[in-house]
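Sequence order for the protein chains is C and S.
Mind the numbering: the first sequence is residues 1 to 264 in the UniProt record's numbering, read in order.
Mind the numbering: the second sequence is residues 1 to 290 in the UniProt record's numbering, read in order.
Accompanying notes for the structure given below.
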Amino acid sequence: MLTIDNLELSITDPDTGRVSEILRGNSLTLAAGEALGLVGESGSGKSMTLQCVLGIEPPGSSVGGRIELEGRDLRALRGEELRRTRAEDLALIAQNPHSVLNPVLPVGKYLMEGMSEARSMPKARARLRSSELLRSVGIEESERVLRSYPHQLSGGMLQRVVIAGAISAQPKLLLADEPTTALDVTTQAEVAAILDEKRREAEMSMIFVSHDLDLAAAVCDRLAVMRYGELVEIGTPEEIRDAPQHEYTRELMNARPKLHPEEA
Amino acid sequence: MPQSLVKPSSRISVVAGRAHRRLGTLGMVCVTIIAVIVLTTLLAPLIAPYGPYEGSVADRHLAPGVNHLLGTDQSGRDVLSRVIWGARSSLLGPLIVIVVTAVLATAIALTAAWYGGRVDSFLGRVLDVLFAFPNILLAILAIAIFGPSLLTASLALAIGYVPYSARVIRSVALRERNLPYIAAARMQGIYGFVITVRHILPNVWPQILTGMTINFGYAMIELAALSFLGLGVQPPNADWGLMVSSGQSSLLQGYPEQSVAAGLAIVVTVAAFGYIGERLGGRRAAGRVR
Numbered sequence: 001m002l003t004i005d006n007l008e009l010s011i012t013d014p015d016t017g018r019v020s021e022i023l024r025g026n027s028l029t030l031a032a033g034e035a036l037g038l039v040g041e042s043g044s045g046k047s048m049t050l051q052c053v054l055g056i057e058p059p060g061s062s063v064g065g066r067i068e069l070e071g072r073d074l075r076a077l078r079g080e081e082l083r084r085t086r087a088e089d090l091a092l093i094a095q096n097p098h099s100v101l102n103p104v105l106p107v108g109k110y111l112m113e114g115m116s117e118a119r120s121m122p123k124a125r126a127r128l129r130s131s132e133l134l135r136s137v138g139i140e141e142s143e144r145v146l147r148s149y150p151h152q153l154s155g156g157m158l159q160r161v162v163i164a165g166a167i168s169a170q171p172k173l174l175l176a177d178e179p180t181t182a183l184d185v186t187t188q189a190e191v192a193a194i195l196d197e198k199r200r201e202a203e204m205s206m207i208f209v210s211h212d213l214d215l216a217a218a219v220c221d222r223l224a225v226m227r228y229g230e231l232v233e234i235g236t237p238e239e240i241r242d243a244p245q246h247e248y249t250r251e252l253m254n255a256r257p258k259l260h261p262e263e264a
Numbered sequence: 001m002p003q004s005l006v007k008p009s010s011r012i013s014v015v016a017g018r019a020h021r022r023l024g025t026l027g028m029v030c031v032t033i034i035a036v037i038v039l040t041t042l043l044a045p046l047i048a049p050y051g052p053y054e055g056s057v058a059d060r061h062l063a064p065g066v067n068h069l070l071g072t073d074q075s076g077r078d079v080l081s082r083v084i085w086g087a088r089s090s091l092l093g094p095l096i097v098i099v100v101t102a103v104l105a106t107a108i109a110l111t112a113a114w115y116g117g118r119v120d121s122f123l124g125r126v127l128d129v130l131f132a133f134p135n136i137l138l139a140i141l142a143i144a145i146f147g148p149s150l151l152t153a154s155l156a157l158a159i160g161y162v163p164y165s166a167r168v169i170r171s172v173a174l175r176e177r178n179l180p181y182i183a184a185a186r187m188q189g190i191y192g193f194v195i196t197v198r199h200i201l202p203n204v205w206p207q208i209l210t211g212m213t214i215n216f217g218y219a220m221i222e223l224a225a226l227s228f229l230g231l232g233v234q235p236p237n238a239d240w241g242l243m244v245s246s247g248q249s250s251l252l253q254g255y256p257e258q259s260v261a262a263g264l265a266i267v268v269t270v271a272a273f274g275y276i277g278e279r280l281g282g283r284r285a286a287g288r289v290r
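What follows is the structure in structure tokens.
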């Protein structure tokens with residue numbers, strides 16, 4: 001469904017003219033309904049890969065290679081076509097939900113806007129649907145939450161709102177960029193579980209970026225390990241865990257905090 | 001909305017309290033002065049003792065007294081009445097200027113901030129060219145072409161004010177536009193126009209309002225100057241700038257009432273608007289630091 005072919009990204013510093021290579025010719029494919037975890041340390045190019053898929057790489061970037069979603073070249077989309085694809089086929093769940101919502105508007109506006117403005121759903125229906133969506137991500141007091149402002153809600157609550165917004169269009173591909181990193185540990189598990197459940201229900205594909213190998217293994221069908229802008233290994237969580245092929249993957253496995261150190 | 005549950009009377013006091021905190025005591029005095037001036041203007045037919053054109057040359061240069069509180073001018077017209085009637089065009093002109101300026105400047109600033117890149121550079125250069133042109137000169141040019149009138153003078157001044165306002169609004173809009181929630185809205189596929197109007201505009205509104213308040217004072221002075229030069233409001237209409245100018249000869253003959261009264265009206269109004277504008281702008285800047 002999604003094909004990334006030989007993706008390269010380099011960024012030129014506008015002041016010094018120095019070119020840094022961020023991604024070095026990575027290829028991967030994603031089947032319909034499949035969840036792929038992109039794992040690796042900070043700066044390995046996980047988030048940049050997502051940004052290239054969405055076409056929001058930082059200024060001064062030059063991108064090579066192809067990214068195709070169901071045969072359409074995502075990088076070649078412009079104007080209305082690009083807007084429509086973003087509105088209907090792609091959804092981003094960012095790391096910090098507080099930065100994603102306009103601080104001066106109630107969160108209901110955020111949900112309704114995506115439906116009524118981007119996908120021209122009638123306002124009244126969008127309102128009802130917002131409430132439904134919130135209940136479906138486990139927010140019981142949906143009416144109160146719809147009227148709340150972002151600063152009145154916890155990070156976990158807000159991230160659920162963002163997830164509700166992301167699944168509202170039934171997009172083909174969810175792009176989750178460290179969706180639980182900004183949350184505390186107990187909420188992390190809940191939010192990850194909700195995301196996993198919703199994704200499976202609607203059979204959406206997902207790229208799940210995380211530095212947490214165990215979390216990624218729990219919600220993904222396959223894992224792709226990245227280092228220094230290169231994809232070093234790709235396989236099912238079991239393969240990665242039981243028989244890591246690459247030296248770096250083994251290091252990454254050993255770097256996990258252990259619950260029972262004597263087992264290692 | 002929780003505000004609608006508050007009783008109307010206490011709602012007024014809440015608003016007044018908030019305004020007082022924001023503007024200070026002197027600011028509230030300024031607001032009162034402006035309110036009185038605006039009310040007087042609207043109620044001119046009821047308040048003014050005489051009509052703006054009423055009077056005979058026989059009564060020229062009467063000293064202030066019971067019948068004419070501020071005396072009469074060279075044509076025997078009541079000065080107080082003419083100051084009251086004259087407030088109309090003296091306030092209308094600057095109002096046209098600030099509204100037209102705000103609309104044009106906001107449109108240009110938001111367009112430049114949203115598209116960035118070449119569009120931003122192009123609009124920036126256009127504003128630079130306008131910047132280099134003195135306002136009064138632009139106004140005189142427009143008047144030379146379209147003939148002297150309040151509307152021509154106001155529109156020409158408004159165009160001269162656009163670059164100043166547009167620069168300020170653009171810089172604020174640019175900061176807002178680069179926040180992550182705007183990027184998130186774009187990722188949702190929301191139209192650029194909708195994002196600009198619904199998310200960016202409300203956040204630059206305080207700057208627009210401050211600019212309008214400060215511009216009002218400048219516009220009033222410059223329009224008065226144009227009227228004084230005979231390029232704005234034409235006699236025998238009552239207008240403060242025009243009154244200052246037509247009082248010139250009387251002033252030399254020792255009858256300063258007309259010029260002084262109209263001049264004072266301009267100074268008080270400009271000072272009141274200026275103070276509120278500075279206060280709004282300054283308060284906001286201070287609020288950012290906290």
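Where is the CB? At the ideal position from N, CA and C, for every residue including glycine.
In this structure, does DSSP put residue 196 of chain C in helix, strand or coil?
For the purposes of this step, residue 196 of chain C is identified with residue 196 of the first sequence, where counting begins at 1. It is helical.
Inter-residue Cα distance where the pair is residue 234 of chain C and residue 67 of chain C
Residue numbering aside, residue 234 of chain C sits at position 234 when the first sequence is read from its first letter. Residue numbering aside, residue 67 of chain C sits at position 67 when the first sequence is read from its first letter. Taking C-alpha positions only, residue 234 of chain C is separated from residue 67 of chain C by approximately 18 angstroms.
Does any C-beta atom of chain C lie closer than 8 angstroms to the C-beta of residue 106 of chain S?
Taking the second sequence and counting its residues from 1, the one referred to as residue 106 of chain S is at position 106. Answer no: the Cβ-Cβ gap between residue 106 of chain S and chain C never drops below 8 angstroms.
Of all the CB atoms in chain S, is at least one closer than 8 angstroms to the CB of residue 160 of chain C?
For the purposes of this step, residue 160 of chain C is taken as the residue at position 160 of the first sequence. The beta carbon of residue 160 of chain C sits no closer than 8 angstroms to any beta carbon of chain S.
Among S:160, S:93, S:61, which residue has its Cα nearest to the Cα of residue 104 of chain S?
Reading the second sequence from its first residue, position 104 is the one you call residue 104 of chain S. Relative to the Cα of residue 104 of chain S, the nearest Cα in the group S:160, S:93, S:61 belongs to S:160.
Any C-beta of chain A within less than 9 angstroms: which residues of the segment 55–86 of chain C qualify?
Looking for chain A here will not work: the only protein chains present are C and S.
Using 8 angstroms as the limit for Cβ to Cβ distance, is residue 286 of chain S near chain C?
Here residue 286 of chain S refers to the residue found at position 286 of the second sequence. Only weak support exists for where residue 286 of chain S lies, its pLDDT of 47 falling under 50; the coordinates are left without a value.
Cross-chain neighbours of residue 102 of chain C in chain S, by beta carbon under 7 angstroms:
Taking the first sequence and counting its residues from 1, the one referred to as residue 102 of chain C is at position 102. Those within 7 angstroms of residue 102 of chain C in chain S are 181, 199.
Give the residues from the segment 165–194 of chain S that approach chain C closer than 9 angstroms (Cβ to any Cβ), ordered along the chain.
Taking 9 angstroms as the Cβ-Cβ cut-off against chain C, the residues of the segment 165–194 of chain S that qualify are 179, 180, 181, 182, 183, 184, 185, 186, 187, 188, 189, 190, 191, 192, 194.
Using a Cβ distance threshold of 8 angstroms, determine whether the segment 22–41 of chain C contacts the segment 6–14 of chain C, with at least three qualifying pairs required.
Segments in contact, yes.
Pull up the distance between the alpha-carbon of residue 15 of chain C and that of residue 48 of chain C, whole angstroms please.
Counting from one through the first sequence, the residue named residue 15 of chain C turns up at place 15. Counting from one through the first sequence, the residue named residue 48 of chain C turns up at place 48. Rounded to the nearest whole angstrom, the C-alpha separation of residue 15 of chain C and residue 48 of chain C is 21 angstroms.
Reference residue 173 of chain S, options S:145, S:112, S:233, closest by Cα
Here residue 173 of chain S corresponds to residue number 173 of the second sequence, with the count starting at 1. Nearest of S:145, S:112, S:233 to residue 173 of chain S, Cα basis: S:112.
Does the Cβ of residue 164 of chain S have 16 or more other Cβ atoms within 10 Å, making it buried, or fewer, making it exposed?
Your numbering for residue 164 of chain S matches position 164 in the second sequence. By the neighbour-count rule (16 or more Cβ atoms within 10 Å), residue 164 of chain S is buried.
Within 8 angstroms of any Cβ in chain C, is that where the Cβ of residue 94 of chain S sits?
Indexing the second sequence from 1 puts residue 94 of chain S at position 94. Not one chain C Cβ lies under 8 angstroms of residue 94 of chain S.
What is the DSSP secondary structure of residue 208 of chain C, reduced to helix, strand or coil?
The residue labelled residue 208 of chain C in the question sits at position 208 within the first sequence. Residue 208 of chain C falls in the strand class under three-state DSSP.
Local conformation of residue 121 of chain C per DSSP, three classes
What you label residue 121 of chain C is simply residue 121 of the first sequence in a count that begins at 1. In the structure shown, residue 121 of chain C sits in coil (DSSP, three-state: anything other than H, G, I, E or B).
Just confirm the distance between the C-beta atoms of residue 237 of chain S and residue 89 of chain S, as a whole number of angstroms; I'd bet it's less than 8 angstroms.
Here residue 237 of chain S is taken as the residue at index 237 of the second sequence, counted from 1. Here residue 89 of chain S is taken as the residue at index 89 of the second sequence, counted from 1. Taking C-beta atoms under 8 angstroms as the contact rule, residue 237 of chain S and residue 89 of chain S qualify, at a distance of about 6 angstroms.
Could you tell me whether the segment 212–220 of chain S touches the segment 79–99 of chain S, where touching means 3 or more Cβ pairs closer than 8 angstroms?
The segment 212–220 of chain S, when compared against the segment 79–99 of chain S, does touch it at the 8 angstroms Cβ threshold.
For residue 202 of chain S, which residues in chain C fall below 8 angstroms Cβ to Cβ?
Here residue 202 of chain S corresponds to residue number 202 of the second sequence, with the count starting at 1. Residues of chain C with a Cβ closer than 8 angstroms to the Cβ of residue 202 of chain S are, in chain order, 104.
Backbone secondary structure at residue 226 of chain C - three-state DSSP:
Position 226 of the first sequence holds residue 226 of chain C. Taken through DSSP and simplified to helix, strand or coil, residue 226 of chain C comes out as strand.
Out of C:95, C:89, C:155, C:133, point me to the one whose CA is closest to residue 2 of chain C's CA.
Within the first sequence, numbered from 1, the residue matching residue 2 of chain C stands at position 2. Nearest of C:95, C:89, C:155, C:133 to residue 2 of chain C, Cα basis: C:89.
Pairing CB atoms from the segment 71–83 of chain C with CB atoms from the segment 32–39 of chain C, are three or more of them under 8 angstroms?
No, they do not touch.
Look at residue 191 of chain C and residue 148 of chain C and say whether their C-beta atoms are less than 8 angstroms apart.
Looking up residue 191 of chain C in the first sequence gives position 191. Looking up residue 148 of chain C in the first sequence gives position 148. Cβ distance not < 8 angstroms, so residue 191 of chain C and residue 148 of chain C don't count as in contact.
Report back the beta-carbon spacing between residue 117 of chain C and residue 191 of chain S to the nearest angstrom; my notes put them in contact at under 8 angstroms.
Here residue 117 of chain C refers to the residue found at position 117 of the first sequence. Here residue 191 of chain S refers to the residue found at position 191 of the second sequence. The beta-carbon distance between residue 117 of chain C and residue 191 of chain S, rounded to whole angstroms, is 7 angstroms. This is short enough to meet the 8 angstroms contact definition.
Cβ-based burial, residue 100 of chain C [other Cβ within 10 Å; buried from 16]:
Looking up residue 100 of chain C in the first sequence gives position 100. Burial call: buried.
Would DSSP call residue 4 of chain C helix, strand or coil?
As a first step, residue 4 of chain C must be located in the first sequence, where it is residue number 4. DSSP places residue 4 of chain C in strand when its eight states are reduced to three.
Name the one or two DSSP bridge partners that residue 21 of chain S has.
Here residue 21 of chain S corresponds to residue number 21 of the second sequence, with the count starting at 1. Bridge partners of residue 21 of chain S according to DSSP: none are assigned.
Going along the segment 108–119 of chain C in order, which residues come within less than 7 angstroms of chain S, judged by CB to CB distance?
Legend: CB atoms of the segment 108–119 of chain C lying less than 7 angstroms from CB atoms of chain S belong to residues 113, 114, 117, 118.
Would you check if the distance between the CB atom of residue 205 of chain C and the CB atom of residue 172 of chain C is smaller than 8 angstroms?
Locating residue 205 of chain C in the first sequence gives position 205, counting from the first residue. Locating residue 172 of chain C in the first sequence gives position 172, counting from the first residue. In contact: residue 205 of chain C and residue 172 of chain C (Cβ atoms closer than 8 angstroms).
Take every Cβ of the segment 123–141 of chain S, pair it with every Cβ of the segment 175–187 of chain S, and state whether three or more of those distances are shorter than 8 angstroms.
The answer is no - the segment 175–187 of chain S does not touch the segment 123–141 of chain S, with fewer than three Cβ pairs under 8 angstroms.
Around the Cβ of residue 205 of chain S, are there at least 16 other Cβ atoms within 10 angstroms (buried) or fewer (exposed)?
Position 205 of the second sequence, counting from 1, holds the residue named residue 205 of chain S. Counting Cβ neighbours within 10 Å, residue 205 of chain S comes out exposed, since fewer than 16 surround it.
Just mark residue 27 of chain S as buried or exposed, buried being the case when its beta carbon has 16 or more other beta carbons within 10 Å.
Taking the first residue of the second sequence as 1, we reach residue 27 of chain S at position 27. By the 10 Å Cβ count, residue 27 of chain S comes out buried.
Buried or exposed, going by whether 16 or more other CB atoms sit within 10 Å of the CB of residue 236 of chain C?
Here residue 236 of chain C is taken as the residue at index 236 of the first sequence, counted from 1. Burial call: exposed.
If the cut is a Cβ gap below 8 angstroms, which residues of chain S does residue 94 of chain C touch?
Counted from its first residue, the first sequence places residue 94 of chain C at position 94. 180, 184, listed in chain order.
Note the first and the last residue of the continuous alpha helix (DSSP H) segment covering residue 242 of chain C.
The count along the first sequence starts at 1 and reaches residue 242 of chain C at position 242. Run containing residue 242 of chain C: 237–242, per the alpha helix (DSSP H) assignment.
Does any residue of chain S have a CB that is nearer than 8 angstroms to the CB of residue 154 of chain C?
Here residue 154 of chain C corresponds to residue number 154 of the first sequence, with the count starting at 1. It does not: the Cβ of residue 154 of chain C has no partner Cβ on chain S nearer than 8 angstroms.
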